[in-house]
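Chemist: In mature numbering (1 follows the signal peptide of the UniProt record, and there is no 0), the protein residues as written are -23 to -1, 1 to 144.
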Amino acid sequence: MLGPLALRSLLCVLSCAWLRTGASRLKSPALPIQSEREPLPSKGLAGCSFGGRYYSLEDTWHPDLGEPFGVMHCVQCYCETQKSRRGKVFGKVNCKNIKQDCPELDCSDPVLRPGHCCKTCPIGNTHIHNISISSCCPLAFRDTSKWCFESLHDENIQTKTLGEQGL
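(1) Is it buried or exposed for K60, if we count other Cβ within 10 angstroms and need 16 for buried?
(2) State the CB to CB distance for the pair D86 and C56, rounded to an integer number of angstroms; the pair is presumed to be in contact (CB under 8 Å).
(3) Whole angstroms is fine: what's the gap from W38's alpha carbon to C79's?
(4) Just how far apart, CA to CA, sit G29 and L42?
(5) Output the distance between the C-alpha atoms of R90 and T58, rounded to the nearest integer angstrom.
(6) Under 7 Å between the Cβ atoms of C25 and V70?
(7) What is the rounded straight-line gap between the Cα of F27 and the Cα of P99?
(8) Could you please give the first and the last residue of the uninterrupted beta strand (DSSP E) stretch that includes E57?
(9) Going by alpha carbons, who is nearest to S83 out of K76, A23, T97 and V52?
(10) Is D41 helix, strand or coil when you go by DSSP?
(11) Based on Cα-Cα distance, which residue from P45, C51, Y31 and V88 lies nearest to C72?
(12) Just reading off the beta strand (DSSP E) that G64 is part of, what are its end residues?
(13) By the DSSP assignment, the beta strand (DSSP E) with F27 in it spans what residues?
(14) Quick check on G92: buried or exposed, where buried means 16 or more other Cβ atoms within 10 Å of its Cβ?
(15) Relative to the C-alpha of L22, which candidate in G68, E81 and C95 has its C-alpha closest?
(16) Excluding five sequence neighbours on each side, which residues of the same chain lie with their C-beta closer than 7 Å to the C-beta of M49?
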């Protein structure tokens, strides 16, 4: 039979073990940590959350899956505006593979530049055929009278009105 001191010690050990296991089950999940550069969404603000980041309605981006995959340049995500049955506006993430939308190039040695999905012709070889508007236009411009395309030699998005110059 255990003496009062041994019994008290045993009860203390058992209650500490019980509290530790019970407390770990009751512990609330850790708060998501976001970079100070990424603004936190305001309460009630509609948008999309993807990969720990918040995107406004109509935003487009290439998802970053982190190491070892990194940014998926041939996948484009879009924060689509949705409306619930009660009329509440919210965002829904839609992602799609854009590799099939790359333009056909008329050069013998196309190159894939780092950070890009589509191959391009080296400088001086800039023939493009069958460019698809969905491959390079932000979704907001697809229903307008402008075509956009990525310049083969710089990072700027350029637009041409269909009436001015066709591709």
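Built from N, CA and C at the ideal position, the CB exists for glycine as well.
Modeler: Looking at the atomic coordinates:
(1) Your numbering for residue 60 matches position 83 in the sequence shown. Looking at its Cβ environment, which holds fewer than 16 other Cβ atoms inside 10 Å, K60 is exposed.
(2) By 1-based counting over the sequence shown, the position of residue 86 is 109. By 1-based counting over the sequence shown, the position of residue 56 is 79. That pair is no contact at about 38 Å.
(3) The residue you call residue 38 lines up with position 61 of the sequence shown. The residue you call residue 79 lines up with position 102 of the sequence shown. Cα to Cα, W38 sits roughly 17 Å from C79.
(4) To locate residue 29, count along the sequence shown from 1; it is residue 52. To locate residue 42, count along the sequence shown from 1; it is residue 65. If you take the alpha carbons of G29 and L42, they lie about 10 Å apart.
(5) As a first step, residue 90 is located in the sequence shown; it is residue number 113 there, counting from the start. As a first step, residue 58 is located in the sequence shown; it is residue number 81 there, counting from the start. One C-alpha to the other measures close to 33 Å.
(6) Within the sequence shown, residue 25 is the residue found at index 48, counting from 1. Within the sequence shown, residue 70 is the residue found at index 93, counting from 1. The answer is yes: Cβ separation under 7 Å.
(7) By one-based count along the sequence shown, residue 27 stands at place 50. By one-based count along the sequence shown, residue 99 stands at place 122. Near 35 Å, if we compare the C-alpha coordinates of P99 and F27.
(8) Within the sequence shown, the letter at position 80 stands for residue 57. Looking at the DSSP string, the run of the beta strand (DSSP E) that includes E57 is V52 to K60.
(9) Your numbering for residue 83 matches position 106 in the sequence shown. The question names Ser, yet the displayed sequence has Asp at residue 83. Checking every option, the nearest Cα to that of D83 belongs to T97.
(10) Translated into positions along the sequence shown, residue 41 becomes position 64. Strand, per DSSP.
(11) Counted from its first residue, the sequence shown places residue 72 at position 95. Here the closest residue by C-alpha is C51.
(12) Here residue 64 refers to the residue found at position 87 of the sequence shown. Run containing G64: none; DSSP gives neither H nor E here.
(13) Start at 1 with the first residue of the sequence shown, and residue 27 comes out as number 50. Its beta strand (DSSP E) spans residues G24 to F27.
(14) Here the question's residue 92 lines up with position 115 in the sequence shown. Exposed, by the Cβ-count rule.
(15) As a position in the sequence shown, residue 22 is number 45, starting the count at 1. For the residues G68, E81 and C95, the minimum Cα distance to L22 belongs to G68.
(16) As a position in the sequence shown, residue 49 is number 72, starting the count at 1. Excluding positions up to five away in sequence, the list reads H39, P40 and L42.
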